[in-house]
Amino acid sequence: MIILTSIYISNYNTKNLEMVKQNLVTLVNDQSIHLESFFDQNISELNIDSGIPAIKDLLNDSNHGRVSEDSKESTKVLGEIFNSRKNQQFFLNTELLINKSGAIIASCDKEYINKKAALSDEETRKLVCGEVVVTNIIQRGDVNKGIKSVIVASPIFFDNEYQGAMVSVINMNYFEKLVNEVHSFRTREIMVLDNNGVVAASSSEYVKDSISKINVPNNLYEEWKNVDLNKNPSGTIEYKINGVEKIGYYSRISNSGWVVFSGVEWNELKTPINKSIKDIVIFLVLIVLLIVSSYVFTINYFSKPIYKLLQVIRKIKQGDYKDRFIYNENNEFGEIAEAFNDLIDNIEKNNKYQEELRISEERYGIIISQTEDIIFEWNINKDTIYFSENWKKKFGYEPITSSISENISKSNSIHKDDVKQLGKVLNDIIKGKTYAEAEIRIRKEKIEYIWCKIRITAMFDENGNIFKAIGIIIDIDKEKKETEELLYKAQRDSLTSLYNKGTSQSMIEEFIKDNNSSGALFVIDLDNFKAVNDNLGHLAGDIVLNNISHMISKNFYDDSIVGRIGGDEFIVFLKNVESEEQIRDRAEELLNVFRRNTAKEISDYNISASIGIAKYPEHGETYKELFISADKAVYLAKNRGKDNYWIFKNL
2 MIILTSIYIS NYNTKNLEMV KQNLVTLVND QSIHLESFFD QNISELNIDS GIPAIKDLLN
62 DSNHGRVSED SKESTKVLGE IFNSRKNQQF FLNTELLINK SGAIIASCDK EYINKKAALS
122 DEETRKLVCG EVVVTNIIQR GDVNKGIKSV IVASPIFFDN EYQGAMVSVI NMNYFEKLVN
182 EVHSFRTREI MVLDNNGVVA ASSSEYVKDS ISKINVPNNL YEEWKNVDLN KNPSGTIEYK
242 INGVEKIGYY SRISNSGWVV FSGVEWNELK TPINKSIKDI VIFLVLIVLL IVSSYVFTIN
302 YFSKPIYKLL QVIRKIKQGD YKDRFIYNEN NEFGEIAEAF NDLIDNIEKN NKYQEELRIS
362 EERYGIIISQ TEDIIFEWNI NKDTIYFSEN WKKKFGYEPI TSSISENISK SNSIHKDDVK
422 QLGKVLNDII KGKTYAEAEI RIRKEKIEYI WCKIRITAMF DENGNIFKAI GIIIDIDKEK
482 KETEELLYKA QRDSLTSLYN KGTSQSMIEE FIKDNNSSGA LFVIDLDNFK AVNDNLGHLA
542 GDIVLNNISH MISKNFYDDS IVGRIGGDEF IVFLKNVESE EQIRDRAEEL LNVFRRNTAK
602 EISDYNISAS IGIAKYPEHG ETYKELFISA DKAVYLAKNR GKDNYWIFKN L
């Protein structure tokens, strides 16, 4: 028996040691996945931001040395967007837009505008080659006021040519959070290092600034230098710090070259195993003692359990439910003890549950009375709904409370364009979805509709069947309208309120991509407009441009995309063209509008329009090809006396 026990203990020791090591590996791999996902998420958000139309316009102006009112407005709008992102993410210090020269042209912090981004020549070269850059830790006075930071940059290309980059400057808060949330080993120390071994965050009392700067005796740095991270991106290291033997595991993150490293004292790995061996030995001794003393226990088999049970019953009769009938034998008294204790547990739990329910109901009532949001409870089986009193305070009338599925589509409480979306959310919950939300407009008072967010969580019975849902209605009208206003400013020309150049191009490209029907691109260049600016001033010129934009918009209806693409240059894309005659009619109508509506103050300057027209898809299958064709037609129209139009096919 001793030999078998020794063999068992030896095998047990080996397996447990391997299992503990594997736990350490799993810990580091899990943290490295979190870190890699963090960088990937930042890169993805930068790529999404780079698609904002204002960014393309601003980069075009900056890279060509142009400064216009549009570019100033774009800088302001982007600053607001970047500042919103900064406020949402605790680890983000700032978000920047740099041009292809490396100069900062947009930021939520105005102090960075026109300064050079803190990127090395090698990092700039990577951006030009289309690579995403994650820098090592930077600690300089000109970057984040000298606080440790890391820069993530994603390149922006137009027509396969590098134009600039979106840049995030990230502080160390996320890495410190990542390190401090790990509690797997008592003596564990976990570090996040950049490619140079500089510490981003560390739970070690000895390693704070760099793996090469440890102020106590150690051989960690020597062991670390022997690791070839390119050949072995993950692995273990055995080392000493301050005389303590430790084992560590490292894992390199592929998208940045950073490393997650975790170490633990050898003694912590061995102590649980030694304790387990000790417990096994004690268990064997107890078995021997149990066999020897079985006779003594047999004598007391009946009297002691009954006496203990009577003691517990007397205490329960006095109102004390804390005591239990303790009997750990697997026999009749054990079954009695288990059944008796379960009964008392259920009684005690029921009493506690009743008290907790009373407190919860009081708390729920207080919360409902103090919040401005509207709480509701939907009984799905009865198709009835209860709303908190805030509904009437918010909307000014009593809500529908019965036959919800039937009456919701008949009521004008929900905006007609949002009824279908709300119906889908309700159906999703009925079909078993645990959570759903939607943004819809709800009628306030008699005619006004305000934007609200509805969140619904389903509740299921013990059989897994849905029986009711709890939800909340939140007023988001102010935030929604502010967002729509920002989007409108980003898409529109600040003087004329027509679509700006970037938005016009995007909308035309989207039509070409999603539709098989034909169209026509009108490029409209004003004749003699410079004379108005030179003689009457730019204010008069702005008034003329504004009036002309209204004339063009009025002449082209919902079947067209109308925009301003330059100082005195406009663009119109006519959708669903059926014939060339239709194009000529619209061009003649527009020329006649110019001839009839020239203001008296500028009639001496003979303001007219030269129009170049290209048909889609005959004269170009992309926006760029269409614009080149139409632009050539404009040139010919001007050379042939101005105040006329020309279709590209006649060239």
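According to the working numbering, the stretch in the sequence shown is residues 2 to 652, in order. Virtual Cβ for every residue (Gly too), placed ideally from N, Cα, C. The model shown is predicted, which means the values in this text are computed figures rather than measured ones.
> Does the distance from the C-beta atom of Ala521 to that of Val563 stay below 8 Å?
Replying inline: Within the sequence shown, numbered from 1, the residue matching residue 521 stands at position 520. Within the sequence shown, numbered from 1, the residue matching residue 563 stands at position 562. No. Outside cutoff.
> Asn172: which of Glu349, Asp535, Gln140, Val261 sits nearest, CA to CA?
Replying inline: Your numbering for residue 172 matches position 171 in the sequence shown. That would be Gln140, whose Cα lies nearest to the Cα of Asn172.
>> Run through the DSSP bridge pairs and tell me what Leu575 is partnered with.
In response: If you number the sequence shown from 1, residue 575 lands on position 574. Its beta-bridge partners are Ala521, Ser561.
>> Does the contact criterion of 3 or more C-beta pairs under 8 Å hold for the stretch 232-240 versus the stretch 159-169?
In response: no
> What number of angstroms, rounded off, separates the C-alpha of Ile721 from the C-alpha of Leu97?
Replying inline: The shown model of the chain, from 2 to 652, leaves out residue 721, and the question about it has no answer.
> Roughly how many angstroms separate the alpha carbons of Glu440 and Gly542, rounded to a whole number?
Replying inline: Indexing the sequence shown from 1 puts residue 440 at position 439. Indexing the sequence shown from 1 puts residue 542 at position 541. One C-alpha to the other measures close to 43 Å.
> Using 8 Å as the threshold, is the stretch 402-417 in touch with the stretch 456-463, meaning 3 or more CB pairs across them?
Replying inline: no
> What number of angstroms, rounded off, separates the C-alpha of Asn391 from the C-alpha of Ile376?
Replying inline: The sequence position of residue 391 within the sequence shown is 390, counting from 1. The sequence position of residue 376 within the sequence shown is 375, counting from 1. Looking at the two C-alpha atoms, the distance is approximately 8 Å.
>> So the candidates are Asp494, Ser630, Ser252, Gly244; which of them puts its Cα closest to the Cα of Asn679?
In response: Because the chain in this structure spans residues 2 to 652, residue 679 falls outside the shown range and cannot be described.
> Based on Cα-Cα distance, which residue from Leu60, Arg86, Glu483 lies nearest to Ala104?
Replying inline: Looking up residue 104 in the sequence shown gives position 103. Residue Leu60 is the option with its Cα nearest to Ala104.
> DSSP beta-bridge partners for Asn380?
Replying inline: Within the sequence shown, numbered from 1, the residue matching residue 380 stands at position 379. Answer is Thr385, Lys469.
> What is the rounded straight-line gap between the Cα of Ile212 and the Cα of Asp71?
Replying inline: Numbered from its first residue, the sequence shown carries residue 212 at position 211. Numbered from its first residue, the sequence shown carries residue 71 at position 70. Ile212 and Asp71: Cα-Cα distance of roughly 49 Å.
>> Using DSSP's beta-bridge definition, name the partner residues of Val200.
In response: Here residue 200 corresponds to residue number 199 of the sequence shown, with the count starting at 1. Answer is Leu194.
> Which same chain residues, not among the five before or five after Ala118, have their C-beta less than 7 Å away from its C-beta?
Replying inline: Within the sequence shown, numbered from 1, the residue matching residue 118 stands at position 117. Leu97, Ile99, Gly103, Ile105, Val168.
> Who are Trp267's beta bridge partners in DSSP?
Replying inline: Numbered from 1 along the sequence shown, position 266 holds the residue referred to as residue 267. Answer by DSSP bridge pairing: none, since Trp267 is not bridged.
> By the 10 Å Cβ neighbour count, where 16 or more other Cβ atoms means buried, how is Glu124 classified, buried or exposed?
Replying inline: For this step, residue 124 is matched to residue 123 along the sequence shown. The residue is buried, with at least 16 neighbouring Cβ atoms inside 10 Å.
> Using a threshold of 7 Å, is the CB atom of Glu579 nearer than that to any non-hydrogen atom of the ligand MG?
Replying inline: Absence of the ligand MG from the depicted structure is noted, as is the absence of any ligand whatsoever, leaving it without description.
>> Taking 8 Å as the threshold (C-beta atoms), are Ile584 and Leu592 in contact?
In response: Stepping through the sequence shown from its first residue, residue 592 is reached at position 591. Stepping through the sequence shown from its first residue, residue 584 is reached at position 583. No.
> To the nearest angstrom, how far is it from the Cα of Val524 to the Cα of Glu378?
Replying inline: The sequence position of residue 524 within the sequence shown is 523, counting from 1. The sequence position of residue 378 within the sequence shown is 377, counting from 1. So the two alpha carbons sit approximately 58 Å from each other.
> Which word fits Gln319, buried or exposed, when buried means at least 16 other C-beta atoms lie within 10 angstroms of its C-beta?
Replying inline: Residue numbering aside, residue 319 sits at position 318 when the sequence shown is read from its first letter. Counting Cβ neighbours within 10 Å, Gln319 comes out exposed, since fewer than 16 surround it.
>> With distance defined between alpha-carbon atoms, name the residue in Lys146, Ile248, Ser45 nearest to Arg189.
In response: To locate residue 189, count along the sequence shown from 1; it is residue 188. Among Lys146, Ile248, Ser45, the Cα nearest to that of Arg189 belongs to Ile248.
> When the Cα atoms are used, what is the spatial distance from Leu537 to Asp528?
Replying inline: Counted from its first residue, the sequence shown places residue 537 at position 536. Counted from its first residue, the sequence shown places residue 528 at position 527. Taking the straight line from one Cα to the other gives about 16 Å.
>> So, with DSSP's three-state summary, where would you put Gln422?
In response: For the purposes of this step, residue 422 is taken as the residue at position 421 of the sequence shown. If DSSP states are grouped into helix, strand and coil, Gln422 belongs with the helices.
> Is there contact here, the stretch 467-485 with the stretch 38-48, by at least three beta-carbon pairs under 8 Å?
Replying inline: no
>> What residue range does the alpha helix (DSSP H) around Ala631 cover?
In response: Within the sequence shown, numbered from 1, the residue matching residue 631 stands at position 630. Its alpha helix (DSSP H) spans residues 624-640.
>> For Glu239 and Glu246, what's the separation of their Cα atoms in angstroms?
In response: Position 238 of the sequence shown, counted from the start, is the residue given in the question as residue 239. Position 245 of the sequence shown, counted from the start, is the residue given in the question as residue 246. Distance between the alpha carbons of Glu239 and Glu246: 8 Å.
>> As a quick exercise: from Gly264, Glu407, Leu488, Trp225, pick the residue whose alpha carbon is nearest that of Leu427.
In response: Residue numbering aside, residue 427 sits at position 426 when the sequence shown is read from its first letter. Here the closest residue by C-alpha is Glu407.
>> Which of the three DSSP states is assigned to Tyr250 in this structure?
In response: The sequence position of residue 250 within the sequence shown is 249, counting from 1. In this structure, Tyr250 counts as strand in the three-state DSSP scheme.
>> With a threshold of 8 Å on Cβ separation, who are the neighbours of Asp374 within its own chain once the five nearest residues in sequence on each side are excluded?
In response: As a position in the sequence shown, residue 374 is number 373, starting the count at 1. Cβ neighbours of Asp374 beyond the five flanking positions: Asn391, Ile473, Ile474, Ile475, Asp476.
> Taking just the CA atoms, how far does Thr623 sit from Ile614?
Replying inline: Your numbering for residue 614 matches position 613 in the sequence shown. Your numbering for residue 623 matches position 622 in the sequence shown. Those two C-alpha atoms are separated by around 14 Å.
> Would you say Asn547 and Leu496 are within 8 Å of each other, going by their C-beta atoms?
Replying inline: Taking the sequence shown and counting its residues from 1, one reaches residue 547 at position 546. Taking the sequence shown and counting its residues from 1, one reaches residue 496 at position 495. Yes, these two residues count as a Cβ contact at 8 Å.
> Helix, strand or coil: which one does DSSP assign to Tyr646?
Replying inline: If you number the sequence shown from 1, residue 646 lands on position 645. It is a strand residue.
>> Classify Gly568: buried if its beta carbon has 16 or more other beta carbons within 10 angstroms, exposed otherwise.
In response: To locate residue 568, count along the sequence shown from 1; it is residue 567. It counts as exposed.
> By the 10 Å Cβ neighbour count, where 16 or more other Cβ atoms means buried, how is Gly264 classified, buried or exposed?
Replying inline: Counting from one through the sequence shown, the residue named residue 264 turns up at place 263. Gly264 should be labelled buried.
> Hey, would you say Phe557 sits closer than 8 Å to Val573, going by beta carbons?
Replying inline: Looking up residue 557 in the sequence shown gives position 556. Looking up residue 573 in the sequence shown gives position 572. In this structure, Val573 lies closer than 8 Å to Phe557 by Cβ.
> Per DSSP, Glu440 forms a beta bridge with which residues?
Replying inline: Locating residue 440 in the sequence shown gives position 439, where the first residue counts as 1. Beta-bridge pairing links Glu440 to Lys454.
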